[in-house]
Each structure stands twice: as structure tokens, then as C-alpha cells.
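Peer 1:
Numbering (my numbering), first residue to last: 38 to 273.
(1) Take residue 180 as the anchor and find which of 194, 209, 103 and 162 has the nearest alpha-carbon.
(2) For residue 113 and residue 123, I'd like the C-alpha separation in whole angstroms.
(3) I need the DSSP call for residue 272, collapsed to helix, strand or coil.
(4) If you check the beta carbons only, do residue 206 and residue 143 fall under 9 Å apart?
(5) Decide if the segment 165 to 176 is in contact with the segment 91 to 107; the criterion is three or more beta carbon pairs, one per stretch, under 8 Å apart.
(6) Helix, strand or coil for residue 261, going by three-state DSSP, please let me know.
(7) Would you grab the beta carbon distance between residue 155 and residue 161 for me? Rounded to a whole angstrom, and I think it's under 8 Å.
(8) When the Cα atoms are used, what is the spatial distance from residue 135 to residue 261?
(9) Using 10 angstroms around the beta-carbon of residue 255, count the other beta-carbons present and answer buried if the total reaches 16, otherwise exposed.
(10) Grab the span of the beta strand (DSSP E) containing residue 190 for me, first residue to last.
(11) In the DSSP assignment, the alpha helix (DSSP H) including residue 114 goes from what residue to what residue?
(12) Spatial neighbours of residue 253 within its chain, please: C-beta separation below 7 Å, excluding the five flanking residues on both sides.
(13) Report the three-state DSSP secondary structure of residue 197 (helix, strand or coil).
(14) Specify the secondary structure class of residue 98 as computed by DSSP and reduced to three states.
(15) Express the C-alpha separation of residue 86 and residue 227 in angstroms, rounding to a whole number.
(16) For residue 203, which beta-bridge partners are listed by DSSP?
(17) Taking the alpha carbon of residue 174 as the point to measure from, which residue in 248, 64, 95 and 240 has its own alpha carbon closest?
(18) Kindly indicate which three-state DSSP category residue 145 falls into: helix, strand or coil?
(19) Tell me which same chain residues have a C-beta within less than 6 Å of the C-beta of residue 182, skipping the five on either side of it?
(20) Mark residue 98 as exposed unless 16 or more other C-beta atoms lie within 10 angstroms of its C-beta, in which case mark it buried.
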């Protein structure tokens, strides 16, 4: 969603809720622009890591990089549900997921490697980490979440902005996308059974991820052994 669209959505939402934020549409748009800039900063770092890894290892550690800015209605709903006054300051200080990036990786070890390489960069500060791969949610959800703080330089100042980065394998993302669609459908018969089946699918997908990683490592070992036995093709 373009930043200019946020003012329209925010205004429409607030007109129905009588919120005094209508007087701060310009400031809200400016804040969303700053979050968008933070996304660009972190996305660029990830793209560079992707290119560097591919050059060194002849394969990609990142399948795709997706990003989004939280919608105004979602921002206001989340703050209100916590009993927090809704204003520009609380958006900045009480929400860590306004700016979000999702990184899809081929294998589980790629997630940890990319996350580590991102975390050690000089201008990145890791505020929080939640490892739902090692500690899945009760419903089977698996992902690796990082809340980062990154400096963003504007015309007249530098600001430290928070960005949430979620790392998933292709399989984890497939499950999460379907679970999200099903979760928001109302009046589903046998909902409890559906939850159990989703959890079972999540466990099966996790086992598939582990097997695929094992297969890749076996292939790399075999390729390495063949490389060592290969005769020299060029004279010294």
C-alpha cells in the first residue's frame, strides 16, 4: 500500500470512530514514510546478504523478501485492545511490528545464518528474538522473529526505527498462509478437529523441512568428495 493511501484509510476509519487523530493525518503519513524508509534500509541489507551468499555458495539462502506497513485500522485496534491511548507517540513506542519484513528461506539453517549475519551488522541493534522454530506455538506455528532497531537518515535528522523481521522456510510460510485464511473464517463446523489437523500438518511440514535439510547436506558432502577426487584440469 502506498503511503498516500494510508491517510485515506485512516480518515475513513477515524470518521466512524470520532478520533482526534484526524488533526494529525500529515504527521501520521510522515511517520508511515519513516517506517517505509526503515523497511528499505533492512531490505537492502538482506538483498546484499542474498547476493553475497549466492556468489560464495552457488545457491541462494533467500527465496524472497516481502514487506508491509501495518494498516491504520490494525494499528488503532491493537493499541485500543491493550487499553493504550492512541496517538503518534504510542504508535512509535508501544508497537514493534508497524514495519514488517518476511524473509522466506529454502532451508532451516539458512534462517539462522541470515539472521546472524544481519544481527552482527554495526548499525543494527537486536531488541528481541522469538524462536518459534525451536519452540513452536501450540497451534504448530513455526517462524523466527527478530525486532530490530535501525538508523534512518532524513534531510534534517537521524531516527532509530523499529522493524520486525520474520524468517520462515517455504514450507513454514505455506502452512502459515493457509492457517491464517482458515483462522479468520467464521462459523466453521468441527473447529476443534480442524485445529488438531492443522497442528498435525505443521508437525509433518516441520519433519519435511528437517529431511530436506539432511538431503541437501548429504548432496553437498557427496559433491565435495567428488570435487576432491576430480583430476586437475589445468596445468600449473
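Every residue, glycine too, gets a C-beta built ideally from N, C-alpha and C.
Peer 2: So, from the listed chains and residues:
(1) 209
(2) 7 Å
(3) Because the pLDDT at residue 272 is just 37, under 50, the model does not fix this residue reliably, and the point stays unresolved.
(4) yes
(5) no
(6) helix
(7) 6 Å
(8) 44 Å
(9) Of the residues assessed, residue 255 falls on the exposed side of the cut-off, its CB having fewer than 16 other CB atoms within 10 angstroms.
(10) 181 to 190
(11) 109 to 118
(12) 144
(13) strand
(14) coil
(15) 45 Å
(16) 139 and 182
(17) The shortest Cα separation from residue 174 among 248, 64, 95 and 240 belongs to 240.
(18) helix
(19) 167 and 203
(20) Looking at its Cβ environment, which holds 16 or more other Cβ atoms inside 10 Å, residue 98 is buried.
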